[in-house]
Amino acid sequence: MGAKDVKPTRSELIELKKKIQLSQSGHKLLKMKRDGLILEFFEILSKAKDVRSELDQAYEVANKKIGIANAVDGIFTVKSTAFALQNIPQIELESRNIMGVVVPKIESSSVRKSIEERGYGILGTSSYTDEAADAYEVLVENIIVAAEIETTMKKLLDDIEKTKRRVNALEFKVIPELQESMDFIKLRLEEMERENTFRLKKIKG
Numbered sequence: 046m047g048a049k050d051v052k053p054t055r056s057e058l059i060e061l062k063k064k065i066q067l068s069q070s071g072h073k074l075l076k077m078k079r080d081g082l083i084l085e086f087f088e089i090l091s092k093a094k095d096v097r098s099e100l101d102q103a104y105e106v107a108n109k110k111i112g113i114a115n116a117v118d119g120i121f122t123v124k125s126t127a128f129a130l131q132n133i134p135q136i137e138l139e140s141r142n143i144m145g146v147v148v149p150k151i152e153s154s155s156v157r158k159s160i161e162e163r164g165y166g167i168l169g170t171s172s173y174t175d176e177a178a179d180a181y182e183v184l185v186e187n188i189i190v191a192a193e194i195e196t197t198m199k200k201l202l203d204d205i206e207k208t209k210r211r212v213n214a215l216e217f218k219v220i221p222e223l224q225e226s227m228d229f230i231k232l233r234l235e236e237m238e239r240e241n242t243f244r245l246k247k248i249k250g
């Protein structure tokens with residue numbers, strides 16, 4: 046709505062002042078939220094680099110270990126031990142709140158297992174298969190941690206961008222337009238006041 050589309054009345058002026066105050070208050074709160082989210086994002090980003098590095102290392106180790114196990118025990122034997130697993134890892138997906146942004150919290154259990162818990166007999170396999178199983182359990186744990194932290198970063202980044210757009214809309218469009226409308230009403234009221242004063246003087250004169 047342009048400045049000239051508003052009614053030049055005192056009640057409209059009061060209403061505009063309220064809207065400006067409300068918009069300025071909202072703008073301040075949104076800036077605080079944006080800045081807080083950015084700080085949270087960069088704090089998590091520093092952790093994410095370590096998590097990603099650990100995940101890459103775990104992946105390399107797991108690939109190396111499975112290659113050795115396949116070579117020593119045979120691919121069929123290694124696959125059979127994998128299918129023997131009965132107690133699969135349990136994943137619980139919960140959530141937590143970071144400055145109004147709901148992010149995932151992933152809890153896992155039964156990822157690391159003893160040889161007995163894996164469900165295969167130790168006589169038909171070598172220690173290389175056990176080491177491969179160990180390595181893949183570590184890899185799964187790293188994947189779970191990485192999934193939580195990277196999803197959290199994406200959600201924070203999305204909300205930062207959304208909050209930035211709202212801050213900019215208030216700062217560069219909404220508040221200036223309201224201010225322009227208020228200035229226009231003030232000017233028109235002053236003009237009307239001068240016209241009334243001039244008219245009264247003319248009547249008295």
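For the sequence shown, this note's numbering gives the first residue as 46, with consecutive numbering after it. Note that CB positions come from ideal geometry on N, CA and C, so glycine has one too.
Residue i, buried or exposed, once every other Cβ within 10 Å from all chains shown has been counted against 16
| i | result |
| --- | --- |
| residue 110 | buried |
| residue 146 | buried |
| residue 163 | buried |
| residue 77 | exposed |
| residue 140 | exposed |
| residue 177 | buried |
| residue 227 | buried |
| residue 116 | exposed |
Boundaries of the alpha helix (DSSP H) in which residue i is found, first to last residue
| i | result |
| --- | --- |
| residue 142 | Premise fails: residue 142 lies in the beta strand (DSSP E), 135-143, not in any alpha helix (DSSP H). |
| residue 187 | 172-214 |
Residue i, DSSP secondary structure in three states
| i | result |
| --- | --- |
| residue 221 | helix |
| residue 125 | helix |
| residue 155 | coil |
| residue 51 | coil |
| residue 130 | coil |
| residue 165 | coil |
Of the residues the options, the one placed nearest residue i, counting alpha carbons only
| i | options | result |
| --- | --- | --- |
| residue 151 | 143, 207, 190, 241 | 190 |
| residue 193 | 173, 138, 170, 224 | 138 |
| residue 209 | 64, 50, 80 | 80 |
| residue 124 | 135, 132, 112, 82 | 112 |
| residue 149 | 52, 126, 200, 108 | 200 |
| residue 101 | 217, 184, 71 | 184 |
| residue 214 | 75, 229, 132, 52 | 75 |
| residue 171 | 120, 85, 157 | 120 |
Residues that DSSP places opposite residue i in a beta bridge
| i | result |
| --- | --- |
| residue 231 | None, per the DSSP bridge assignment. |
| residue 147 | 142 |
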